[in-house]
Amino acid sequence: MTRRYSALSLLREGLNGQRGWEPAWRDPAPKTRYDAIVIGGGGHGLATAYYLAKNHGLTNVALIERGWIGGGNTGRNTTIIRSNYFFPESAAFYEFSVQLYEKLSDELNYNIMFSQRGMWTLAHDRHGLEMARRSANAMLLNGIDAEFHDGPSVYAHIPGLNPDPRFPILGGVNQPRGGSARHDAVAWGYARAASALGVDIIQNCEVQDFLIEGGQVRGVETSHGTMRSDRVGMAVAGHSSVLAAKAGLRLPVSSYALQAFVSEPVKPCLDTVILSPATGTYLSQSDKGELVLGAGLDLYLSYAQRGNLPWMERAAAGVLELFPQFSRMRFLRQWAGIVDVVHDSTPIIGPTAVGGLYINCGWGTGGFKAIPAGGWCLAHVMATGRSHPLADAFGIERFTTGALIDEASASGIAH
Amino acid sequence: MLLIDCPFCGPRAEIEFRCGGESHIQRPGPHTEVSDAEWADYLYNRENPKGEHRERWFHAAGCRRWFNAARDTVTHRFRVTYKMGEACPEAGESAVSEAAPGAVAGGVI
Amino acid sequence: MSGWRLKAAGRVDRGARISFTWAGRTLHGHPGDTLASALMANGVSIVGRSFKYHRPRGLLAAGLEEPNAIVQLETGAVAVPNVKATQIELYEGLVANPVNAKPSAEFDLLAANSMFKRFIPAAFYYKTFMWPNWHWFEPAIRKAAGLGNAPEGVDPDSYDHRFAHTDIMVVGSGAAGLAAAIVAAKGGEKVLLVEADAELGGGLLAEPSEIEGLTAIAWRDRMLAALSGMPNVTVMNRTMAFGFYDHQLVGLCERMTDHLPPHQRSGPRQRLWKVRAKRAILATGAFERPMAFARNDLPGVMLASAAQTYALRYGVAPGRRIVVATNNDSAYQAAFALHDAGVGIAAIVDSRARGGDAIAGAAARGIRTIMDSAPVKAKGRRRVGGVVVAAVADGKASESIACDIVLMSNGWNPAVHLHSQSGGSLAFNSSLEAFLPSKSVQAAVNVGAAAGIFDLDAAIASGRAAGQDDAVAAPLPASVGPTLHFADGDARAGTAWVDFQNDVTAGDVQIAARENFRSVEHLKRYTTLGMASDQGKTSNVTGIHMLSNLLGKAPQAIGTTKFRPPFDPVTIGGFAGRAVGENLMPIAQSAAHASALAAGAKMENYGSWLRPACFPRAGEDEHVAVAREVLAVRGQVGLFDASPLGKIEVKGPDAAEFLQRVYVNGVRNLKVGRCRYGLMLSEHGIIYDDGVFAKIAEDHYLVGTTSGHAAAIADTLQEWLQCEWTDLKVLVENVTTGWAVMNVAGPKARAVLEAIGTEIDLSRDAFPHMAYREGLVGGVPARIQRVSFSGELSYEISVPWNYGRALWDAMIQAGAPHDIVPFGVEALMALRIEKGFLHVGSDTDGTTMPQDVGFGGAVAKKPDDFIGRRSTMTPEGRRVDRRQLVGLETLDTGGAFECGAHILASETKGIGATQGWVTSSVQSPTLGRPLAMALIERGTARIGETVQVWDLGKGRPARIVDPRFYDPAGEKLDG
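Dropping the structure here:
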């Protein structure tokens, strides 16, 4: 077992020249047979592997990652965690995720720095205000913390907000338990804990094909050789279609580049997370002091994880609409991640047409907040063959039955 | 910012366009004879390739015409743009964008 | 205090003096100085504090790679946080302060962090602060983090955007860049040469050697003179190429006024350029690598090339007794420049066994050279007092040399940022120990130091070759000496800095490797190496070297982290440009906007339109005003500016067939001169829009849409015509802003219209409800539809947009005898709720299908397919428990329900499962009681049932009713 982290261990290693730290996760040689294989070493895949071991006692598990763990959207998002969803199915799922996040540092013995500084969604016109109220009521009825604020109250709670905006701020909804966390730490914490429970984390290993016999998955062919297992889970957001195609599956997924930006670090000037629907601005300040911004999607297919100028301009304009005093601050870095977009902005978790092959995808722009619950539910269906009750409504069959859970258009909140 | 070769106007900046997604999708019908599965496949399932994608674009702030393009989703290079209703020219075939005067090749030389 | 102004050297204007304020002290410099050079000339050695340990730091570099001298420039609304002192051109009255230091950079309370350094190594925070809760520790950590302070107040400056196209863009005006620009321009190409620095010349500004028989500066001047004579050349200084994007787009940031004293500044502060260059020549130079030895962050340890620049360009020396540590020839030039300016060089410590050609220069000057050696430790408390040198072979200390400055050069890293951003690949060159540009994927080529070509003549040759589109020769192999690495676990590694700003040491790199953070991205993210505001320009490759050494893995296999834009931080206001304040998005004004304002309208945003919410009279609040307006429409007559209503002309032989496929409703049997209400769906079966369409002629329809959707629907119709139903002969044109629409409504509406004068027969039989007519109204050609969203006799009169205001004024005048009142959007909403009329977007959402709002029958009757029809037939569409639009009445005295309240079962105590929500609500002026509409599960079948309306914790009883609250038989429609 890897050494437990604590103030005491830091003290001991400080006196010991830091020589006693052990690898956070092992680098084992892959075995030829596993009880379960998880493809994708992002947050969802790592959490799945961890919960397979922790909740279901499956420890002969391989986690296969094409590059380095946490290198996809887990390490590229704007780190927001919230459960301010509208429909009961989404609310229950994301709230469970927030609750897991609240205990995650302790559970993993890894400080993921979940900082619950609130998540505000602003309303800029009468209709927006009505939708904000509808949303706040939905949250409260789903047992989720929510505060509905009028305009003056928003200004009282968020110092520095533009007193004379183009889009007036008439009110908003706050989820006080929303906030942000250190995204890399979530991946590393799950990796370390999963590895300690026996999961083999295999980096730089690419899945080249699936072994499928009579409609049942039997394993995967990888750049590191064949690994056999009758249970395979895919959690490769952004590349879900490409991987699924290797198993002969077509998905209702489009891959788009989602951009994000950080400014240079400054002393604390924004103490919460803000979403302004009028401009699509998603803004917070990290513990390091950087303003962290999310932008919208470039609405053409892309597998290029690089930024683009038009969104950078729009994001800048969006920030200055809320905080004109940030005008002379400077953007330090822009980047992009590739996200899976499905029509109803609700994930797909569950079985596929191939027996034993399960999928976790379709997170759109909001997968980070769902990592604990997404992993929990994928592990559940992989281990038991039955959908977890929280993910019952998230099956791929909903696109055929029409039972979509259209959060984006129902709640007026960007997803 | 992409430089997109509208077959009617020539190369213009991305901000003048809107992408309409995968092209050459057949709308099934009549509605009374289409199964739920066929309809769902038409509405939702997409090729979403990593590589060349045949997609349609709308020159919204220009000639307001729709056209097709074959574009690489990794390099973003446009191999060719062609008019609606035409088959996608294979590599090497002559195409609208190659004939348009002043056309600049896509991003990758 | 050891820096000083040299007697003669440098390009600063010694004849003029500039006063500036640093940390509250008034100091002086000269035109041509940067803040950094002026601070050095004034003997300021501690220029800031590091991010984590708050260690005192001096200048490391002279350019934009500077990690230590981060300052807060100016104060208040014009403050700029985190500027590098090396990038600030000195101007009269400049005020700057160090960041992250309290009370001062000289004495910083948080320097105590440094004492605990060994207990808070890289990534320590992942391992602690978990008990009892992160929230206990976070506030203190947030306060300690960050560098400068955000400005206070609205930025008084403006920022422009510009576009440009060029044949060739040359980035960088050093020797290679100038050579490239000249050759390209002589070939007749349109050339744009950009330089981030204020002065053109790049490295030539501190170059001691001669070029083609001229001094470097004279050669530069000759090149610039040639360029200035060519009309096809544009040269821009103070212009940084910050990003190389898809399809040959390069982003530039041009600084217009930052170098001027504030009172001399006018016009935009910066310009953001978006340039399409058919070909880019990247002459971006290279960054020198520091050496990682113990306590190498002491003020007084700096890059050799920086000292050369300070001496030759700015005429300042960092100290008086200098040790130069190097693994290559370039640092000898720095030593010679300082020596020749009268600065003492104690020794040159060279890690190579034999030096290059420069050795002879050292011998000629009598400078001692110590070969096969490298520094292992700097001595001194708050600044350098000496350096301990060791043999490279065994790392054992051989000698301690007293000095006040240590210059270091561990080789050079080409500035491959733009090349990498453009998609180009990199290859590790083991002779240079650096990553060089490899393949380009866009039309871009690297020249000079950016290509690893450091020899001046070869660099110029590379520029000339690129200028005429010839291949650039590969760099010559260089002799870079070995680097002394601390062994894994060597305690000294913990004080050998790699990333100075973020306080990452060689020891931290070792911790990362030990803990399996061995991917270069993991190293970066775990230790924060390269994540500071310099983005690792002086640290990334050093970190990769160390990781390579620890893992026994070639640097090429380790690779680099991604080079992301911007190359150097760019002002947020610059990206926003003019899209701030009211220019953020256009505000559309209605046709009678000015008259409405004159009539006292309270304007509000409705989508992109600014429209009157109501027309309050003196002493009226909105509620009272709306009630008065509603009663006026019901009682006599009101006037509403409906100009934003969407209007789309659909014309052609197949127009009817096309609209038959677009609308839920039947279109074919509509007669000319008649109107019909229609619903449009998305292909997913969801209600997208509604409106009235009129048949103007057999082949001509006018499609009305909601104000917000006009443009989108016109686009959607185009898409269906051009992409799917290409056989239909139909033209579609959005004419929304071509026609102003005045809606006169109320029992006296006909009388008002008659009073204005029209050739159209307005009689009830000649012009019935849901009819369309054309003719002159008040002498203006008009289209009139008898449609009603209020339930009263109502005419929508469309006239060419510019006649709209005149028509409004005429109607107000003609209506005066009938007590006409203008009414706003809120009164219209109240009127339609009283009628139970659907408002798409309020009473529908992303789940609402036609069968949910009473159109199930209309769908069933229509045999043909239409957009979205198949989607309404899924199992979900056929569910019996769908939410349906119904009316709600209050059963208490609590007033109108809140829009957005939810519906619960009446017996629910506390919270429970939602059954729907209130979508529209009003205190009805006409009926004198609250009315509401709601989407409720199985609502239609539950009329008469009592439910609970739940809002923010409070439940109220309500009854589900038919929503046609007022005049359900429609008897008022004829006036």
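From first to last, the protein sequence lines are chains A, B and C.
Counting from 2, one number per residue, gives the positions in the first sequence under our numbering.
Counting from 271, one number per residue, gives the positions in the second sequence under our numbering.
Counting from 284, one number per residue, gives the positions in the third sequence under our numbering.
All residues carry an ideal CB built from backbone N, CA and C; glycine is no exception.
Remember, predicted model here, so these are calculated numbers, not experimental data.
Asked, Found
"Can you check whether the CB of Gly179 of chain A is closer than 8 Å to the CB of Met120 of chain A?", "yes"
"Can you give me the C-alpha to C-alpha distance between Pro1251 of chain C and Ala884 of chain C, rounded to a whole angstrom?", "31 Å"
"What do you reckon, are the CB atoms on Arg959 of chain C and Ile1150 of chain C nearer than 8 Å?", "no"
"Relative to chain C, which residues along the segment 326 to 343 of chain B have a C-beta separation below 8 Å, given in chain order?", "Arg326, Phe328, Ala330, Arg334, Arg335, Trp336"
"Measuring only the C-alpha atoms, how far is Leu461 of chain C from Ala741 of chain C?", "13 Å"
"In whole angstroms, what is the alpha-carbon distance linking Gly295 of chain A and Asn78 of chain A?", "8 Å"
"For Thr385 of chain A, return the contacting residues in chain B, with the cut-off set at a CB-CB distance below 7 Å.", "Correct list: empty, because the minimum Cβ distance to chain B is about 27 Å."
"Does the contact criterion of 3 or more C-beta pairs under 8 Å hold for the segment 469 to 476 of chain C versus the segment 486 to 495 of chain C?", "no"
"Gly777 of chain C to Gly436 of chain C, Cα distance in whole Å?", "42 Å"
"Can you tell which of C:Gly534, C:Val518, C:His530, C:Val516 has its C-alpha closest to the C-alpha of Ala524 of chain C?", "C:Gly534"
"Does the distance from the CB of Ile202 of chain A to the CB of Val355 of chain A come in under 8 Å?", "no"
"So, is the C-beta of Arg1221 of chain C closer than 8 Å to a C-beta in chain A?", "no"
"Can you grab the Cα-Cα spacing for the pair Leu343 of chain C / Asn351 of chain C, in whole Å?", "7 Å"
"Does Thr75 of chain A pass the burial test, meaning 16 or more other C-beta atoms within 10 Å, or should it be called exposed?", "buried"
"With a CB to CB cut of under 7 Å and the five nearest residues on each side skipped, what residues in its chain are close to Ala1049 of chain C?", "none"
"Could you check what DSSP says for Ile414 of chain A in three-state terms: helix, strand or coil?", "Only weak support exists for where Ile414 of chain A lies, its pLDDT of 42 falling under 50; the value from the coordinates is given anyway. Ile414 of chain A falls in the coil class under three-state DSSP."
"In whole angstroms, what separates the C-alpha of His448 of chain C from that of Glu1007 of chain C?", "37 Å"
"Which residues of chain B have a Cβ atom closer than 9 Å to the Cβ of Pro311 of chain A, listed in chain order?", "Met271, Ala283, Glu284, Ile285"
"Does DSSP put Glu325 of chain B in a helix, a strand or coil?", "strand"
"Nearest-angstrom Cα distance between Arg334 of chain A and Leu252 of chain A?", "33 Å"
"Mind pulling the alpha helix (DSSP H) runs of 4 or more residues that sit fully within the segment 327 to 396 of chain A?", "372 to 385"
"Note down, in chain order, every chain A residue with its Cβ under 7 Å from the Cβ of Cys289 of chain B.", "Leu300, Tyr301"
"Is the separation between the beta-carbon of Tyr6 of chain A and that of Thr411 of chain C shorter than 8 Å?", "yes"
"What is the DSSP secondary structure of Tyr283 of chain A, counted as helix, strand or coil?", "strand"
"Going by C-alpha to C-alpha distance, which of C:Lys1031, C:Met1053, C:Gly1058, C:Val1035 sits closest to Asp1044 of chain C?", "C:Gly1058"
"Which parts of the segment 1049 to 1093 of chain C are runs of the beta strand (DSSP E), unbroken and 3 residues or longer, counting only runs that do not cross its ends?", "1055 to 1060, 1063 to 1068, 1077 to 1083"
"Quick check on Gln335 of chain A - is its C-beta less than 8 Å from some C-beta in chain C?", "yes"
"For Asp185 of chain A, decide whether its Cβ has a neighbour in chain C, counting only Cβ atoms nearer than 8 Å.", "yes"
"When the Cα atoms are used, what is the spatial distance from Ala54 of chain A to Cys270 of chain A?", "42 Å"
"With DSSP as the reference, label Lys660 of chain C as helix, strand or coil.", "strand"
"Give, in chain order, every residue of the segment 239 to 265 of chain A whose Cβ lies closer than 9 Å to some Cβ of chain B.", "His240, Ser241, Ser242, Val243, Ala246, Arg251, Leu252, Pro253, Val254, Ser255, Ser256"
"Let me know the secondary structure DSSP gives Leu1174 of chain C once reduced to three states.", "coil"
"If you draw a straight line from the C-alpha of His805 of chain C to the C-alpha of Trp69 of chain A, how long is it?", "8 Å"
"Just the Cα atoms here: how many angstroms apart are Leu1174 of chain C and Ala997 of chain C?", "44 Å"
"For Ala373 of chain B, which three-state DSSP category applies?", "Unreliable positioning characterises Ala373 of chain B in this predicted model, as indicated by a pLDDT of 33, which lies under 50. The coordinate reading is nonetheless provided below. If DSSP states are grouped into helix, strand and coil, Ala373 of chain B belongs with coil."
"Does the pairing of the segment 889 to 902 of chain C with the segment 562 to 582 of chain C give three or more beta-carbon distances under 8 Å?", "no"
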